[in-house]
Amino acid sequence: MTIKNYPILLVLDQSIELIEDDKALSDSIHMLDDATKSSAVVIASNGSCTNLQGHVVDTIEMPDLTSLVQQYLIDEGQCCVSKIQLQSVQQAFALLK
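For the sequence shown, the working numbering assigns the number 501 to the initial residue and increments by one for each residue that follows.
This is the structure in structure tokens:
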């Protein structure tokens, strides 16, 4: 893993997670199979997207990021998340903190 700056958003399959340090990243990916690890997307606070090895990948579209954040919040017991419409990656970081 070549993650140098935290926090990051980690997208695995159809879920998203706020990762604040190396230990949290290690805990999140240690049980994943190679296929899942290779499809994971790391979103930096500046909006750039890479894979876990640090290679640039396609940027996640804002509607897709919005859906991932909404689902995360629903899973955490939040309500009225359908009103959330992200305008920036920084908003996603703020909502997931």
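Ideal placement from N, C-alpha and C gives every residue a C-beta, glycine not left out. Bear in mind that the values here come from a model prediction, so they are computed numbers and not experimental data.
- With the rule of 3 Cβ pairs closer than 8 Å, the stretch 571 to 586 does not count as touching the stretch 529 to 543.
- Short of 6 Å from the beta carbon of methionine 562, and not among the five residues preceding or following it, lie these beta carbons of its own chain, in chain order: Leu586.
- For threonine 536, the secondary structure class from DSSP, reduced to helix, strand or coil, is helix.
- Taking the Cα of lysine 537 as reference, the smallest distance to any Cα among Ser545, Cys579 and Thr550 is reached at Thr550.
- For serine 528, the enclosing alpha helix (DSSP H) covers residues 522 to 529.
- Straight across, the Cα-Cα distance linking leucine 532 with lysine 597 is about 24 Å.
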